[in-house]
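These notes concern the structure reproduced below.
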Amino acid sequence: MIVIGLLAGIVTGGVAYFIPWLPDQASTQAEEIDGVYWFVAIICAVVFSLVAGVSIYAGWKFRAPADDMDDGSPIHGHTGLEIWWTAVPTVLVVAMSVWSAVALARAETLPDDPDEYTTIEVTAAQFAWSFTYPELERTDGELVLRVNEPVELILTANDVIHAFWVPEFRMKQDAVPGIETRTVITPTKEGSYDVICTELCGPGHPVMRAGVRVLSDADYEAWVAEGEQGAGEGGEGEADGESVFAEAGCGSCHTLADAGSEAEIGPDLDSVVPGQEEQQILTSIVDPNAEISEGYQPNVMPGDYEDRLSEAELDALVAYLVEVAGARR
Ligand SMILES: [Cu+2]
């Protein structure tokens, strides 16, 4: 009976293992995490099949005949069985904890040589992500990584608790106001992915996403060069509306051709901004609930841009919108 239960568990676990349930593995950490996941999942499948198999078998085998009105016979424990069902789960639970701890430690280990990895600061805010690349002196609304290069992410949040997660990388970490948390990712597959916020953080939570691009060495160098050029054009320390738009995460909700964003959570700025007064645009940004665009909900667009952005940044942002979307001055 136990043998049948075990066999059933091993078959279910084995079949489950070969069905591609999980997202692509796009980091070395994904391999570690999936190792733990399958180890735990298969133990669970085997234990479940065993317990369910024994229960069903016992229910059938020891069922009362129709005319049997007796109480069951009194049974007083079984020391041998009790030792087994204490010892086996203890060993399994200890094995799962040890494997998890080792996998997590390995996943979060960085090379000793600081030249072999980069650090990126991740800031979460209702409802956008921004990424600062200290070595490149650049901040962007998109996470750009070089394939096979480990990166240490230092996370924080401006307002409430958010959580950083890219399913294909597996590593998940909270972004908490006032403290810094960290995680490590070594991307192994070029491609585009999404950062997803996995901590309910307000009405814009489901749209709190940011793009991730994992680039080959050559494409990464090109991206770095493009950024240096952009920084040159901006002039000394002046706020540049285009980068404010990217950093504030406007593109995660609005379409704006010049910024290359195609999101549809809020109105398409290319079609609504033309014809508006500067003052009206500024009000829409700092006090989004003052007037709700037809067909949209209040409280979706964050209401704290006035605190988050400096006056110069707000002016630059409005000027940028006027320029690229063609509003009236
Ligand atoms: Cu969030």
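Going by our numbering, the sequence shown opens with residue 2, and the numbers climb by one from there. For each residue, glycine too, the CB sits at the ideal point set by N, CA and C. Keep in mind it's a predicted model, so treat the numbers as computed, not measured.
- Residue side-chain check: A125 places its Cβ nearer than 7 Å to a non-hydrogen atom of ligand 1.
- With a contact defined as Cβ atoms closer than 8 Å, A9 and G54 qualify at about 6 Å.
- In terms of Cβ geometry, L270 and L322 form a close pair [threshold 8 Å].
- A46 places its beta carbon 8 Å or farther from that of T87.
- Under DSSP, the beta-bridge partners assigned to F165 are Q174, C198.
- Cβ contact annotation for R139 (same chain, cutoff 6 Å, sequence separation greater than five): G228, in chain order.
- Distances between the C-beta of H206 and the heavy atoms of ligand 1 include at least one below 7 Å.
- Taken through DSSP and simplified to helix, strand or coil, Y38 comes out as helix.
- As summarised for the region 208–293, the continuous beta strand (DSSP E) elements at least 3 residues long and confined to that stretch are 210–216, given in chain order.
- Going by beta carbons, L146 and P112 fall outside the 8 Å limit.
- Counting the other CB atoms within 10 Å of its CB gives A176 a total of 16 or more, which places it among the buried residues.
- Distances from the CB of H163 to the heavy atoms of ligand 1 include at least one below 7 Å.
- The region 89–99 makes no contact with the region 162–180; the number of CB pairs closer than 8 Å stays below 3.
- From the listed residues V185, F128, P151, the smallest Cα separation to A158 is found for F128.
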